[in-house]
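>
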Amino acid sequence: MTETAIFDEMWGKDGQLRQPYQAFNDWFGGENPKDLRAKQQEAEELFRLTGITFNVYGRSEAEERLIPFDIIPRIISGREWQKLSKGIEQRVRAINAFLYDIYHGQEIVKAGRIPEEMISKNEAFLPQMIGVKPPGGIYTHIVGIDLVRTGPDEFYVLEDNGRTPSGVSYMLENRETMLQMFPELFSQNRVQPVETYPTDLLKSLSACAPACAEGKPTVAVMTPGIFNSAYFEHSFLADQMGIELVEGHDMMVVDGRLCMRTTQGYKPIDVIYRRIDDDFLDPLNFNPDSALGVPGIMDVYRAGNLTIANAPGTGICDDKAIYSYMPDIVEFYTGEKALLENVPTWRCADPDSLAYVLDNLKELVVKEVHGSGGYGMLIGQTATKKELNEFRKKLEARPGNYIAQPTLSLSTVPIFSRAGLTPRHVDLRPFVLCSPNGVQITPGGLTRVALKKGSLVVNSSQGGGTKDTWVLED
Amino acid sequence: MLGKTANGLFWMYRLLERAENTARLIETGERIALTRLGSTEDEWRSVLQTASSLEAFEQNYDEVSRENAVDWLLRSKDNPSSVLSCILGARQNARMVRTALTGEVWEAMNGTYMASKEMLARKVRERDLPNVLGRIRQRTGLVRGATHGTMLRNDIYDFARIGTFLERADNTARIIDVKYYVLLPSVSSVGSAVDNVQWETILRSVSARGGFRMTYGSSIDPRDIAQFLVLDRRMPRSLAFCTRKIRANLGYLVSDYGYRAPAFTKVVHLESAYLSYDIDAVFDYGLHEYIQKTLGLLYDIGRQIEIDYRFYE
């Protein structure tokens, strides 16, 4: 694909200013770049002071780092957003139905739409969840759908994060920072609010409380602790919702309920928003070496006396091999064609696909089925010969561990650099809440941006940055 | 509130108070060193002893010198009570209990951490020392001020205050004890005419010279100073003042929780049995013995609070 084919969300493909950016562009034209540079620095100091950092593993003292923030917002029109939301809602409903199905009747397998071993041999499939009906019937209470864009109307789903999607605190803090630095921009543009997210999250979680909850349900956020890379987000969310932030050793199972140790004794929890993986939840039921969880929490859950959000075993829908079936999954459960497209995906487990992938390695992106955070992937176009050869060997040794996708020409959005506005590739993670009362999508999300010229990797662990994301009121 | 949160608040404020007190101690040591001729080894030794880190210091250094003592007290990572270690610890606890703090308190704490880390990244030159110590005191004061001005007066605030005053009482007790015990030529001269400079030093280390002068005028009498630092209820670093605060905040917990915790009984005992006499009774008892007894009771109260409010289990 050539450089000129890239769609820029501000300037389109042909350099014509796009409609959602009009008011912003007028404002920008009247600004002095020097002042804006000072603002960029001011933003960084704000982030540092409020402690909006993530911890980097494997460095001395679990060093805390800032995720670079870019002051140029990414702007989406109301019309574009409406279309997107419909697609997201459809997809999330299908994912939820899929999860119910694979832990109950497995109709989709019986119908021959997904091979049985895709489920049974999946590492993220939890046999302990078979037959369990989560309170309210919800498996994925909080979902983050990773989207990329290649043209005015072309959005693709890159990944479904139904397990423990992170980044929502950056969405909120990016907005907070922009409001503080450029209040005038918000008088000139009608930007839909994201600030209600914590309140909506608490309402949504409370609506999923188990039957034993009396009065206002007690909700808590569970974190692996202060050294976890997303600890900032965990404490931020608990703070914003006004609920307790608990670790495994703050809790105990007492009389069949999950309870937290307070200064006045043990108090039952109804809903736990956990930010630790299935494996670490319960040393009695899963990994016995883990000290992060609570012994017996799964038994409380199975007895229906606790809501775990997201439900254990949800991770299977994040699996990249399952992802390749998502169009079928959507169709199977909703009876409609998927509104959001998948990126074409070759499953290397299939010998024909593997042969194709090996022949065209230089044109493809190869990912580990269970990988995340941009680790363990190959970007064929920019890889060295040595890297290509190493990956070839890995693919031949464990083909089932990989999928491959074509390199998409991701859209760009300008960032503010020394040279002024410079295009960089972006993706988008909108955040979705599910409860028996419905599906709710916060207008906006987390835009991650590659800071290196030409780079397609936007992950923060790989040096990407973030932007405020605006959805305009049309 | 979670037991863990109460624990984190208690220690955040304890460590913050300790950082400030250690900064005060260094300032005092430096002051003595500058206004004395000849060797000041004894004074630095007594400063280290007041900070209860003489033993650990001697394991790390061969000789007691101004330079070594200041560096050890200010920024050594091997010294858990150095100013830097305390501020790192306070901030770590603040991260743990962030949901309990107001944004202003957290930002003041985080700002203190960032500024201290930068100021103490390398050895502080003698010329810069007064400025650095002043800024540390100012920064810790800012956290306390933000706490005072923005936090709800609920159990969160109570645990923060209890941590502050337990640490402060402990520090004042140590200062009185070490100065008396170490600096005086012999225990028998307690209450007799002593070196005025030493007494001034004690007052200076708790920022109490002005307050003392307002109360007693400019003549320095050891008995008055002891009365002031042990029993005066207006002096914010005296044992009686700190204990009264601890009793008040524990009292709020007792009424809020509807549970008379054993720690409350213990602090009432300390107050009525040890802090309601006049200073002559204290001297009759023996000042050193009296201070040691008080330190022991303060320690007990701290332990009892951990148990009463389920800090760990």
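Protein chains in written order, with the UniProt record's numbering: chain A, 1 to 474; chain B, 1 to 313. The C-beta atom is built at its ideal place from N, Cα and C for all residues, glycine as well.
1) If you run the structure through DSSP and keep just helix, strand and coil, what is residue 264 of chain A?
2) Hey, is residue 485 of chain A's beta-carbon within less than 8 Å of any beta-carbon in chain B?
3) In chain order, which beta strand (DSSP E) runs of at least 3 residues are fully inside the region 15-85 of chain A?
4) Determine the direct distance from the alpha carbon of residue 226 of chain A to that of residue 59 of chain A, and round the result to whole angstroms.
5) Pull up the distance between the alpha-carbon of residue 1 of chain B and that of residue 100 of chain B, whole angstroms please.
6) For residue 119 of chain B, collect the residues of the same chain with a Cβ closer than 7 Å to its Cβ; drop the 5 residues on either side in sequence, then sort them by chain order.
7) Taking a cut of 7 Å between CB atoms, which residues from the region 209-237 of chain A lie near chain B?
8) In its own chain, which residues sit with a C-beta less than 7 Å from the C-beta of residue 235 of chain A, not counting the 5 before and 5 after it?
9) Shortest alpha-carbon distance to residue 229 of chain B belongs to which of B:222, B:221 and B:238?
10) Is the beta carbon of residue 457 of chain A closer than 8 Å to that of residue 426 of chain A?
11) When you compare only the Cα positions, how much space is there between residue 49 of chain B and residue 300 of chain B?
12) If you run the structure through DSSP and keep just helix, strand and coil, what is residue 2 of chain B?
13) Can you name the residues of chain B whose CB is closer than 9 Å to the CB of residue 244 of chain A?
14) Can you look up residue 269 of chain B in the DSSP assignment and give me helix, strand or coil?
15) What residue from A:32, A:394 and A:442 has the CA that sits closest to residue 200 of chain A's CA?
16) Given a threshold of 16 other Cβ atoms within 10 Å of its Cβ, counted over all protein chains shown, does residue 275 of chain A qualify as buried or as exposed?
17) May I ask you to report which of helix, strand or coil DSSP gives residue 152 of chain B?
18) What does the alpha-carbon distance come out to for the pair residue 284 of chain A and residue 263 of chain A?
19) According to DSSP, is residue 467 of chain A part of a helix, a strand, or is it coil?
20) Flag this pair as touching only if the region 430-448 of chain A and the region 26-42 of chain A have three or more C-beta atom pairs under 8 Å; answer yes or no.
21) Return no unless some Cβ of chain A is closer than 8 Å to the Cβ of residue 149 of chain B.
22) Residue 267 of chain A to residue 219 of chain A, Cα distance in whole Å?
23) State the Cα-Cα distance for the pair residue 72 of chain A and residue 415 of chain A, rounded to the nearest angstrom.
24) List the whole-angstrom C-beta distance separating residue 92 of chain A from residue 140 of chain A, where the pair is believed to meet the contact cut-off of C-beta under 8 Å.
25) Look at residue 269 of chain A and residue 309 of chain A and say whether their C-beta atoms are less than 8 Å apart.
26) For residue 155 of chain B, return the contacting residues in chain A, with the cut-off set at a CB-CB distance below 7 Å.
27) How would you write the range of the alpha helix (DSSP H) that residue 105 of chain B sits in, first residue to last?
28) Answer yes if the region 100-111 of chain A comes into contact with the region 289-308 of chain A, meaning at least three C-beta pairs across the two stretches below 8 Å, and no otherwise.
29) Is DSSP giving residue 475 of chain A helix, strand or coil here?
30) Please identify the residue among A:33, A:154, A:80 and A:321 whose C-alpha is closest to the C-alpha of residue 117 of chain A.
31) Please compile the residues from chain B whose C-beta is within a distance smaller than 9 Å of the C-beta of residue 304 of chain A.
32) With 16 other CB atoms within 10 Å as the buried threshold, where does residue 130 of chain A fall?
33) For chain A, check one thing: does any of its Cβ atoms lie closer than 8 Å to the Cβ of residue 210 of chain B?
34) If you measure between the beta carbons of residue 201 of chain B and residue 28 of chain B, is that distance less than 8 Å?
35) Since residue 323 of chain A and residue 159 of chain A should fall inside the 8 Å C-beta cutoff, what is the C-beta to C-beta distance between them, to a whole number of angstroms?
36) How is the beta strand (DSSP E) around residue 126 of chain B delimited, first residue to last?
Walking through what the data contain:
1) The count along the first sequence starts at 1 and reaches residue 264 of chain A at position 264. Coil at residue 264 of chain A, not helix or strand.
2) No statement about residue 485 of chain A is possible, as the shown extent of chain A runs from 1 to 474 and does not include it.
3) 53-55, 64-66 and 69-76
4) Taking the first residue of the first sequence as 1, we reach residue 59 of chain A at position 59. Taking the first residue of the first sequence as 1, we reach residue 226 of chain A at position 226. Residue placement at residue 59 of chain A is flagged as unreliable, the pLDDT there being 49, under the threshold of 50; the coordinate-derived value follows with that caveat. Distance between the alpha carbons of residue 59 of chain A and residue 226 of chain A is about 15 Å.
5) Within the second sequence, the letter at position 1 stands for residue 1 of chain B. Within the second sequence, the letter at position 100 stands for residue 100 of chain B. Straight-line Cα distance between these residues: approximately 9 Å.
6) Translated into positions along the second sequence, residue 119 of chain B becomes position 119. Only 132 and 135 meet the Cβ criterion.
7) 226 and 235
8) Along the first sequence, one-based indexing puts residue 235 of chain A at 235. If we look at residue 235 of chain A and ignore the five residues flanking it on each side, its Cβ neighbours are 245.
9) The residue labelled residue 229 of chain B in the question sits at position 229 within the second sequence. Minimum Cα distance to residue 229 of chain B is reached at B:238.
10) As a working note, residue 426 of chain A is residue 426 in the first sequence. As a working note, residue 457 of chain A is residue 457 in the first sequence. Taking 8 Å as the Cβ cut-off, residue 426 of chain A and residue 457 of chain A do not qualify as a contacting pair.
11) As a position in the second sequence, residue 49 of chain B is number 49, starting the count at 1. As a position in the second sequence, residue 300 of chain B is number 300, starting the count at 1. If I take the Cα positions, the gap works out to 21 Å.
12) Indexing the second sequence from 1 puts residue 2 of chain B at position 2. Correct three-state label for residue 2 of chain B: strand.
13) Sequence index remark: in the first sequence, residue 244 of chain A carries index 244 (1-based). Within chain B, the residues near residue 244 of chain A are 1, 2, 5 and 99.
14) Within the second sequence, the letter at position 269 stands for residue 269 of chain B. Correct three-state label for residue 269 of chain B: helix.
15) Translated into the one-based positions of the first sequence, residue 200 of chain A becomes position 200. If we check each option's Cα against that of residue 200 of chain A, A:442 comes out closest.
16) The residue you call residue 275 of chain A lines up with position 275 of the first sequence. Classification of residue 275 of chain A: buried, given that the 10 Å Cβ count is 16 or more.
17) By 1-based counting over the second sequence, the position of residue 152 of chain B is 152. The answer is coil: DSSP assigns residue 152 of chain B none of H, G, I, E or B.
18) Looking up residue 284 of chain A in the first sequence gives position 284. Looking up residue 263 of chain A in the first sequence gives position 263. Computed Cα separation, rounded: 27 Å.
19) Within the first sequence, numbered from 1, the residue matching residue 467 of chain A stands at position 467. Looking at residue 467 of chain A - three-state DSSP - the assignment turns out to be strand.
20) no
21) To locate residue 149 of chain B, count along the second sequence from 1; it is residue 149. No - not a single Cβ of chain A is within 8 Å of the one on residue 149 of chain B.
22) Against the first sequence, residue 267 of chain A aligns to sequence position 267. Against the first sequence, residue 219 of chain A aligns to sequence position 219. Rounded to the nearest angstrom, the two C-alpha atoms are 11 Å apart.
23) For the purposes of this step, residue 72 of chain A is identified with residue 72 of the first sequence, where counting begins at 1. For the purposes of this step, residue 415 of chain A is identified with residue 415 of the first sequence, where counting begins at 1. In a straight line, the C-alpha of residue 72 of chain A is about 6 Å away from that of residue 415 of chain A.
24) Residue numbering aside, residue 92 of chain A sits at position 92 when the first sequence is read from its first letter. Residue numbering aside, residue 140 of chain A sits at position 140 when the first sequence is read from its first letter. Indeed, because the Cβ distance is near 7 Å, the residues count as touching under 8 Å.
25) Here residue 269 of chain A is taken as the residue at index 269 of the first sequence, counted from 1. Here residue 309 of chain A is taken as the residue at index 309 of the first sequence, counted from 1. No, Cβ-Cβ distance for residue 269 of chain A and residue 309 of chain A is not below 8 Å.
26) Along the second sequence, one-based indexing puts residue 155 of chain B at 155. Result: 263.
27) For the purposes of this step, residue 105 of chain B is taken as the residue at position 105 of the second sequence. 103-119 is the span of the alpha helix (DSSP H), which, as asked, contains residue 105 of chain B.
28) no
29) Since the displayed chain A opens at 1 and closes at 474, residue 475 of chain A lies outside it and no answer follows.
30) Here residue 117 of chain A refers to the residue found at position 117 when the first sequence is read from its first residue. Residue 117 of chain A has its Cα closest to that of A:321, out of A:33, A:154, A:80 and A:321.
31) Counting from one through the first sequence, the residue named residue 304 of chain A turns up at place 304. Here the premise fails: no neighbours, minimum Cβ distance about 25 Å.
32) On the first sequence, residue 130 of chain A is found 130 positions in, with the first residue counted as 1. Exposed, by the Cβ-count rule.
33) Residue 210 of chain B sits at position 210 when you count from the first residue of the second sequence. Cβ-Cβ to chain A under 8 Å: no for residue 210 of chain B.
34) Walking along the second sequence from the start, residue 201 of chain B turns up at place 201. Walking along the second sequence from the start, residue 28 of chain B turns up at place 28. Cβ atoms of residue 201 of chain B and residue 28 of chain B: closer than 8 Å.
35) Translated into positions along the first sequence, residue 323 of chain A becomes position 323. Translated into positions along the first sequence, residue 159 of chain A becomes position 159. Sure, about 7 Å apart at Cβ, within 8 Å.
36) The count along the second sequence starts at 1 and reaches residue 126 of chain B at position 126. Counting along the chain, residue 126 of chain B falls outside any beta strand (DSSP E), and DSSP gives it neither H nor E.
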